[in-house]
Amino acid sequence: MADVKEDEISELREKDREHDSRLDSLTAQNQTQDFKLKSQIAKDKEHDFRLDSLVNKNGAQDAEIHRQAVKDEEHDIKFQNLEARCNAMEKQIRHLMKMLPEHVQLDEIPEENPKGKVSPAAIAALVCGVAALILSVVNLLV
0 MADVKEDEIS
10 ELREKDREHD
20 SRLDSLTAQN
30 QTQDFKLKSQ
40 IAKDKEHDFR
50 LDSLVNKNGA
60 QDAEIHRQAV
70 KDEEHDIKFQ
80 NLEARCNAME
90 KQIRHLMKML
100 PEHVQLDEIP
110 EENPKGKVSP
120 AAIAALVCGV
130 AALILSVVNL
140 LV
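In terms of numbering that gives the first Met the number 0, the sequence shown is residues 0 to 141.
Right under this line is the structure:
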C-alpha cells in the first residue's frame with residue numbers, strides 16, 4: 000500500500016511539474032502579450048497625439064479661412080458702398096451740369112472771348128465744377 004501511495008504521490012508530483020511547466024509557459028505568453036499590448040497602446044497614443052495635432056492645425060486653418068472670408072465680405076460691402084456713392088456723385092455732377100447755362104461748355108473756350116476777360120457764366124461753371132469735385136472727394140472719404 001505504501002508503494003501505491005508513493006506511485007500516486009509520484010504521479011501527482013509529475014502532474015504538478017507539468018502544470019507548473021504549463022503555468023510558466025502561459026505566464027511567458029501572458030507577459031509577451033502584455034508587452035505587445037503596451038507597445039500597441041503607446042503607438043495608439045502617439046497616433047492620437049498626431050491626429051489631435053492635425054485636427055488642431057486644421058481647426059486653425061479653418062479659423063483663418065473664416066477670418067479671411069469675413070474680411071472679403073467686408074471688402075465686398077465697402078466696394079458696393081463705394082460704387083453706390085460713385086453712382087450718386089455721378090448723378091449729382093450730371094444734375095449740376097444740366098443746371099449750367101446752355102451756351103457754357105466745359106470742354107472748350109469760346110474763341111470770341113479774349114483771354115483776359117472771364118464771363119460770369121464761366122465763373123459759375125467753374126464754381127459748380129469745383130463744388131462737385133469737393134463733394135465727390137468728401138463722399139469718397141466718408
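Virtual Cβ for every residue (Gly too), placed ideally from N, Cα, C. It should be emphasised that the depicted structure is a prediction, and the values quoted were computed from it without experimental measurement.
**Request:** Compute the Euclidean distance between the alpha carbons of Ser9 and Arg21, then round it to the nearest angstrom.
**Result:** Counting only the Cα atoms, Arg21 lies some 18 Å from Ser9.
**Asked** For Arg93, which of Ala120, Arg66 and Leu132 has the nearest alpha-carbon?
**Response** Selected option, being the one with the closest Cα: Leu132.
**Message:** Can you give me the C-alpha to C-alpha distance between Asp71 and Leu134, rounded to a whole angstrom?
**Reply:** Each residue's Cα considered, the two are about 28 Å apart.
**Item:** Beta-carbon proximity check, Arg49 vs Asn138, cutoff 8 Å
**Value:** Not closer than 8 Å, so no.
**Request:** Report back the beta-carbon spacing between Cys127 and Leu95 to the nearest angstrom; my notes put them in contact at under 8 Å.
**Result:** Taking 8 Å as the upper bound for CB-CB distance, Cys127 and Leu95 are in contact here, some 5 Å apart.
**Message:** Measuring only the C-alpha atoms, how far is Glu7 from Gln32?
**Reply:** So the two alpha carbons sit approximately 36 Å from each other.
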